[in-house]
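Report on one structure; see the data block that follows.
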Amino acid sequence: MEKLTHLMQLIDANSSVLPEGVYLEMCNDLKGVHDNMKGFDDTASYDDVRYAEISHDLHRTVMIIEKIMKRMKGYRFRKRMSKKMKRRAIIDWANQTNLTSLIEYTEEALLECTNLKSVNFVYKWYLDKYNEQIRFKIDSAKDALEDLYSERDLHVESLAYEMRLV
């Protein structure tokens, strides 16, 4: 804006040298530039933009933290198995041991095709594997939350710093 004012002053100072048509044309062009600049907000400074960016980053980080915490509520260790989990255990056991002769995935079919005395061994194996996966998910989520809490704290500190500047 200061440059535009300076340019107007230079044109006015040299108006005696310029032909009247050129002088009026230059004044109209400067007025057009000035009118287009009215939409520009002089109060929006770098600090305001930076504050908005940090605020957005903080919001995004908090949303991710909440999403992970909500997902973590669903992580449960199992002590007993449902009918569906037992079937899944037999399928996984058959795949793990390359048991291709299994026609249907039932306890009876598994005992018939293998030398197992009881299917409880397979169920325990699957339950241990399942709980190990849950443990890994919980540990990974906790690690991610630690990092996100640190990131959140940095954003809060940055916002406090930006507020002192304003």
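So the sequence shown is residues 1 to 166, counted in UniProt numbering.
Even glycine gets a Cβ: it sits at the ideal position worked out from N, Cα and C.
By the DSSP assignment, the alpha helix (DSSP H) with residue i in it spans what residues?
i: K117; result: Segment: none, K117 is in no alpha helix (DSSP H) and carries neither H nor E.
i: I90; result: K83 to Q96
Would residue i be called buried (16 or more neighbouring beta carbons within 10 Å of its own) or exposed?
i: L18; result: exposed
i: H59; result: exposed
i: H155; result: buried
i: V122; result: buried
i: Y149; result: exposed
i: Y161; result: exposed
i: A52; result: exposed
i: L24; result: exposed
Helix, strand or coil: which one does DSSP assign to residue i?
i: residue 189; result: Residue coverage of the chain in this structure runs from 1 to 166, which leaves residue 189 outside it and unanswerable.
i: Y75; result: coil
i: L24; result: helix
i: N36; result: helix
i: Y51; result: helix
i: S101; result: coil
i: V17; result: coil
From the options, pick the residue whose C-alpha is nearest to that of residue i; which is it?
i: T106; options: A94, N98 and N115; result: A94
i: E66; options: R135, A141 and R164; result: A141
i: R87; options: E146, F136 and L127; result: L127
i: R80; options: L111, E112, W125 and Q96; result: W125
i: R76; options: S101, D35, Y130 and K83; result: Y130
Determine, for residue i, whether the minimum Cβ-Cβ distance to residues of chain C falls below 8 angstroms.
i: R87; result: No chain C is part of this structure, which consists of one protein chain only.
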